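Peer 1: Dumping the structure here so I can ask a few things about it.
2 protein chains.
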Amino acid sequence: MSKKQEDTIRSKSPKSPLPIQEDLLTEKEFLEQYRSSDYEKPSVTVDIALFTVDEEASGNHRKNEEKKLKLLLMRREHHPFKERWALPGSFVGMEEDLEDAARRIMKEKTAVPTAYLDQLYAWGEKERDPRLRIISVSYLALLRQGCLSLPGDKASLCWFDIDMKRLSNSSSHTDRGEEIRQVDVLCFTCEKNSFEVHVETRIILEEGIVRRSMHILKDEYLAFDHAKIIAHALQRLRQRIEYDNIAFCLMPEEFTLTQLQQVYELILDQKLLKANFRRKIASMVEETDNYKKDAAHRPSRLYRFVNRFS
Amino acid sequence: MSKKQEDTIRSKSPKSPLPIQEDLLTEKEFLEQYRSSDYEKPSVTVDIALFTVDEEASGNHRKNEEKKLKLLLMRREHHPFKERWALPGSFVGMEEDLEDAARRIMKEKTAVPTAYLDQLYAWGEKERDPRLRIISVSYLALLRQGCLSLPGDKASLCWFDIDMKRLSNSSSHTDRGEEIRQVDVLCFTCEKNSFEVHVETRIILEEGIVRRSMHILKDEYLAFDHAKIIAHALQRLRQRIEYDNIAFCLMPEEFTLTQLQQVYELILDQKLLKANFRRKIASMVEETDNYKKDAAHRPSRLYRFVNRFS
DNA sequence: TCAAAAGTGTTAGTATTACACCCATGT
DNA sequence: ACATGGGTGTAATACTAACACTTTTGA
Chain A
1 MSKKQEDTIR SKSPKSPLPI QEDLLTEKEF LEQYRSSDYE KPSVTVDIAL FTVDEEASGN
61 HRKNEEKKLK LLLMRREHHP FKERWALPGS FVGMEEDLED AARRIMKEKT AVPTAYLDQL
121 YAWGEKERDP RLRIISVSYL ALLRQGCLSL PGDKASLCWF DIDMKRLSNS SSHTDRGEEI
181 RQVDVLCFTC EKNSFEVHVE TRIILEEGIV RRSMHILKDE YLAFDHAKII AHALQRLRQR
241 IEYDNIAFCL MPEEFTLTQL QQVYELILDQ KLLKANFRRK IASMVEETDN YKKDAAHRPS
301 RLYRFVNRFS
Chain B
1 MSKKQEDTIR SKSPKSPLPI QEDLLTEKEF LEQYRSSDYE KPSVTVDIAL FTVDEEASGN
61 HRKNEEKKLK LLLMRREHHP FKERWALPGS FVGMEEDLED AARRIMKEKT AVPTAYLDQL
121 YAWGEKERDP RLRIISVSYL ALLRQGCLSL PGDKASLCWF DIDMKRLSNS SSHTDRGEEI
181 RQVDVLCFTC EKNSFEVHVE TRIILEEGIV RRSMHILKDE YLAFDHAKII AHALQRLRQR
241 IEYDNIAFCL MPEEFTLTQL QQVYELILDQ KLLKANFRRK IASMVEETDN YKKDAAHRPS
301 RLYRFVNRFS
């Protein structure tokens, strides 16, 4: 193969040759000659890890409601992975931006506007779909609390309670380098179903080269590599709540500071001290004149967000 | 279109119909019937923002060498964007993982092993390539200092000095929400060329919905949306050097603490105080018994990394 | 002797952590 | 009265930023 050919259209991959001789073409001629259907291509899908927070009444009237972190999953009706649970997704249309595809899916699956939508990762292992080569671009999406409702006809959709806990965290030094392995357990629960998945995150340093990878250790209920995507989404959620203050995308317009703290605790999966938490978020919220006063204890003031991005 | 058809293979996009009737098929039958070439698909490329650090002797023997952050660009020989500079990239082969494609490109363009390779973002605006629909998955890659050499035949490749400075940073409150606009200036310099590009990052909050986007304000020298990719890569580099300690991927095996500080200063684009910097990184390095003693001042001890991931 | 950089110490201010305490409400 | 959560204060500690100073080398 000539050098000239190799550099055609950036450089080409060995398996999808681009047999175009384009030297000395004008841009117009080039475009006319270029035929995109000449080459084999992977398919591209968008998959969405959609989270929200839900309040469930606790039996006791004195006690506060309990909060749950929720993830939307879809039961697959067809092969492959028939009957397993998958993230809502879709192929990307030729005439829509990647992000438009994500918003389209959100509209199809939910009744309310998406508060937050951010790209997570492009999953491109060649064996991740047994049918054909599919690259999936995953998104992290958040709905405000109290937006659990779904369009009525989507029987296969289900909101799962989800939580992720670190099962083990080992780091070892070998003669050739260092290695960290973290195993996370993800628990999924809804009315009829409850299951558990184990995902390992590896960071390996060998001869000065860093490699990071994720592996599914145990999963009999989720489709494709969606266990990895979900674990990755939860890890991102934890980062973003600390550095980028995305908690406000999960909160209603007005809220109590305890409700806000509960959301932090849910996502970080750890208890926080009230006084310290309030000092930490003080500059991001402002008082309203409203109170939440139905419970059998001192009414709590409602707050709203200000300076979300500072 | 029937509901049944719509749900075929997750759900489909409106523009690339999947006319398969797969009810009641076994997985094997399904795979035989499924023909991936039946649908129009976007092309997928991988583009790499490859950085390294270079030391250039300062005229004065007393003074230390000057450090530069380097980015590898490739002059396009063909339309579109002929003569402009682009990130090295390639189409993704049908039989290679996304990350394999990235490693393949690295091998083609560089003579030394990549110390660090991490996915940045999947760029999917439908007009980003004037020829056809191309989705580009970009990677951030780092080479160790002293690895500037390229395979001899790649005349179109060039290492540019690069630096990014914040030009403006405005936040405004409107009646409908908040808005932050940050303009960054990227300066590119190599022997024969020198140019400047302006990229704006917007974070807009409107009616409880957050949108983040990047826009090219001024660019006559880079191809496609690569100015955005490069700005994004530099932003990521800044985050990662603070939280994930990726500086060590740019350093040689042994180095002086001043060299390490210079790398931090290059990437963060700000001066740091020596004493404070040393306390901060103290737990990540350990002394060796070697010294760098060629210069006309007190010789400095060489260190190496330990606990890179803590 | 001097320029240049290596390397260390001190202090003030700020942020983080853990804990203790009082307040307001409906039952 | 009391269970429950709302709300605040304090003290110990750790971290950070800024600056000043001493040491070592080759020219």
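Chains as they are written, first to last, in UniProt numbering: chain A, 1 to 310; chain B, 1 to 310.
Beta carbons: idealized from backbone N, C-alpha and C, even for Gly.
All figures in this text were calculated on a predicted structure; none of them were measured in a lab.
1) Mind checking which residues open and close the alpha helix (DSSP H) that includes B/K228?
2) Just to confirm, are A/V137 and A/V210 a CB contact at a threshold of 7 Å?
3) Assess contact between the segment 124-137 of chain A and the segment 95-102 of chain B, defined as three or more Cβ pairs (one per stretch) separated by less than 8 Å. Is contact present?
4) How would you list, in chain order, the residues of chain A whose beta-carbon sits under 9 Å from the beta-carbon of B/C249?
5) Which residue or residues does DSSP assign as beta-bridge partners of A/Q182?
6) What residues of chain B sit near A/K271, judged by a beta carbon separation below 8 Å?
7) At a Cβ cut of 7 Å, what residues of the segment 181-202 of chain B count as close to chain A, listed as they run along the chain?
8) First and last residue of the alpha helix (DSSP H) that includes B/D100?
9) Report the partner residues of A/T45 according to the DSSP bridge assignment.
10) Is there a Cβ from chain B that is less than 7 Å from the Cβ of A/Y116?
11) Buried or exposed: which applies to B/D118, given that a residue is buried once 16 or more other Cβ atoms fall within 10 Å of its Cβ?
12) Using 10 angstroms around the beta-carbon of A/K107, count the other beta-carbons present and answer buried if the total reaches 16, otherwise exposed.
13) Give me the Cα-Cα distance between A/I229 and A/E65, rounded to the nearest whole angstrom.
14) Quick one: Cα of B/D269 to Cα of B/T52, how far?
15) Pick helix, strand or coil for A/K280, following the three-state DSSP scheme.
16) Go to B/I209, then tell me how far its beta strand (DSSP E) extends in each direction, as first and last residue.
17) Suppose you measure from the CA of A/S90 to the CA of A/F224; what does that come to, to the nearest Å?
18) Curious, which full-length alpha helix (DSSP H) runs of at least 4 residues does the UniProt domain "NrtR DNA-binding winged helix" (248-305) of chain B contain?
19) Please list the terminal residues of the continuous beta strand (DSSP E) segment that includes A/L73.
20) Nearest CA to the CA of A/T201: which residue from A/R166, A/Q182, A/C249?
21) Can you list, in chain order, the residues of its chain with a C-beta nearer than 6 Å to that of A/F188? Leave out the 5 residues immediately preceding and following it.
22) Does chain A have any CB closer than 7 Å to the CB of B/G124?
23) Beta carbon of A/S172, beta carbon of A/E179: below 7 Å?
24) Could you tell me if residue 315 of chain B is buried or exposed, where buried requires 16 or more neighbouring beta carbons within 10 angstroms of its beta carbon?
25) So which residues of chain A does B/Y121 contact, with C-beta pairs closer than 7 Å?
26) Considering only their Cβ atoms, is the gap separating B/I241 from B/I267 smaller than 7 Å?
27) Using the rule of at least 16 other Cβ atoms within 10 Å of the residue's Cβ for burial, across every protein chain shown, is A/Q129 buried or exposed?
28) If you drop the 5 nearest sequence neighbours on each side, which residues of the same chain put their C-beta closer than 8 Å to that of residue 383 of chain B?
29) For chain B, is any of its Cβ atoms less than 7 Å away from the one on A/L98?
30) Are the beta-carbon atoms of A/V185 and A/A227 separated by less than 7 Å?
31) Where A/A296 and A/E287 are concerned, what is the direct C-alpha to C-alpha distance, given to the nearest angstrom?
32) Can you tell me the Cα-Cα spacing of A/N60 and A/K67, whole angstroms?
33) Closer than 8 Å by beta-carbon distance: list the chain B residues that pair up with A/E178, in chain order.
34) By alpha-carbon positions, which one of B/A141, B/T256, B/A275 ends up nearest to B/R298?
35) Only counting the same chain, and skipping five residues up and downstream in sequence, which positions put a Cβ closer than 6 Å to that of A/T114?
36) Near A/Y116, which residues of its chain fall below 7 Å by C-beta distance, leaving aside the five closest residues on each side in sequence?
Peer 2: The relevant details are as follows:
1) Counted from its first residue, the second sequence places residue 228 of chain B at position 228. Note, B/K228: alpha helix (DSSP H), 226-243.
2) Within the first sequence, numbered from 1, the residue matching residue 137 of chain A stands at position 137. Within the first sequence, numbered from 1, the residue matching residue 210 of chain A stands at position 210. No, the pair does not count as a contact, with Cβ atoms beyond the cut-off.
3) yes
4) Counted from its first residue, the second sequence places residue 249 of chain B at position 249. Those are G208, I209, V210, listed as they occur along chain A.
5) Your numbering for residue 182 of chain A matches position 182 in the first sequence. In the DSSP output, where bridge partners are listed per residue, A/Q182 has A/N169, A/T201.
6) For the purposes of this step, residue 271 of chain A is taken as the residue at position 271 of the first sequence. Neighbours of A/K271 across chain B, judged by C-beta separation under 8 Å, do not exist; the nearest C-beta is about 24 Å away.
7) none
8) Along the second sequence, read from residue 1 onward, the residue named residue 100 of chain B stands at position 100. B/D100 -> alpha helix (DSSP H) spans 98-109.
9) Looking up residue 45 of chain A in the first sequence gives position 45. DSSP output for A/T45 lists A/F91, A/S136 as bridge partner(s).
10) Position 116 of the first sequence holds residue 116 of chain A. Interface residue, yes.
11) Taking the first residue of the second sequence as 1, we reach residue 118 of chain B at position 118. So B/D118 counts as buried.
12) Translated into positions along the first sequence, residue 107 of chain A becomes position 107. The residue in question, A/K107, is exposed, as its Cβ has fewer than 16 Cβ neighbours within 10 Å.
13) For the purposes of this step, residue 229 of chain A is identified with residue 229 of the first sequence, where counting begins at 1. For the purposes of this step, residue 65 of chain A is identified with residue 65 of the first sequence, where counting begins at 1. Approximately 30 Å between the Cα atoms of the pair.
14) The sequence position of residue 269 of chain B within the second sequence is 269, counting from 1. The sequence position of residue 52 of chain B within the second sequence is 52, counting from 1. Taking the straight line from one Cα to the other gives about 15 Å.
15) Taking the first sequence and counting its residues from 1, the one referred to as residue 280 of chain A is at position 280. Helix at A/K280.
16) Reading the second sequence from its first residue, position 209 is the one you call residue 209 of chain B. From DSSP, the beta strand (DSSP E) with B/I209 extends over 209-218.
17) As a working note, residue 90 of chain A is residue 90 in the first sequence. As a working note, residue 224 of chain A is residue 224 in the first sequence. About 14 Å.
18) 257-268, 274-281
19) On the first sequence, residue 73 of chain A is found 73 positions in, with the first residue counted as 1. Its beta strand (DSSP E) spans residues 66-75.
20) Residue numbering aside, residue 201 of chain A sits at position 201 when the first sequence is read from its first letter. The option with the nearest alpha carbon to A/T201 is A/Q182.
21) For this step, residue 188 of chain A is matched to residue 188 along the first sequence. The answer, listed in chain order, is F160, I162, F195.
22) For the purposes of this step, residue 124 of chain B is taken as residue 124 along the second sequence, with counting starting at 1. By this cut-off, B/G124 is an interface position.
23) Indexing the first sequence from 1 puts residue 172 of chain A at position 172. Indexing the first sequence from 1 puts residue 179 of chain A at position 179. Cβ distance < 7 Å, so A/S172 and A/E179 count as in contact.
24) Outside the displayed span of chain B (1 to 310) sits residue 315 of chain B, for which this structure offers no information.
25) Residue numbering aside, residue 121 of chain B sits at position 121 when the second sequence is read from its first letter. What B/Y121 touches in chain A: Q119.
26) Counted from its first residue, the second sequence places residue 267 of chain B at position 267. Counted from its first residue, the second sequence places residue 241 of chain B at position 241. In this structure, B/I241 lies closer than 7 Å to B/I267 by Cβ.
27) One-based indexing of the first sequence puts residue 129 of chain A at position 129. For the record, residue 129 of chain A in the displayed sequence is Asp; it is not Gln. So A/D129 ends up on the buried side.
28) There is no way to answer for residue 383 of chain B, as the model of chain B reaches only from 1 to 310.
29) The residue given as residue 98 of chain A occupies position 98 in the first sequence. Taking Cβ atoms only, chain B reaches closer than 7 Å to A/L98, which makes this a yes.
30) By 1-based counting over the first sequence, the position of residue 185 of chain A is 185. By 1-based counting over the first sequence, the position of residue 227 of chain A is 227. No; because the gap between Cβ atoms is not below 7 Å, this pair is not in contact.
31) As a working mapping, residue 296 of chain A is identified with position 296 in the first sequence. As a working mapping, residue 287 of chain A is identified with position 287 in the first sequence. Each residue's alpha carbon lies about 22 Å from the other.
32) The count along the first sequence starts at 1 and reaches residue 60 of chain A at position 60. The count along the first sequence starts at 1 and reaches residue 67 of chain A at position 67. Each residue's Cα considered, the two are about 15 Å apart.
33) For this step, residue 178 of chain A is matched to residue 178 along the first sequence. The answer, in chain order, is R308, F309.
34) In the second sequence, residue 298 of chain B corresponds to position 298, counting from 1. Closest option to B/R298, Cα to Cα, is B/T256.
35) Within the first sequence, numbered from 1, the residue matching residue 114 of chain A stands at position 114. Once the five neighbours on either side are set aside, the close Cβ partners of A/T114 are M106, A141.
36) Taking the first sequence and counting its residues from 1, the one referred to as residue 116 of chain A is at position 116. Closer than 7 Å at Cβ, skipping near neighbours: A141, L142, I246, C249.
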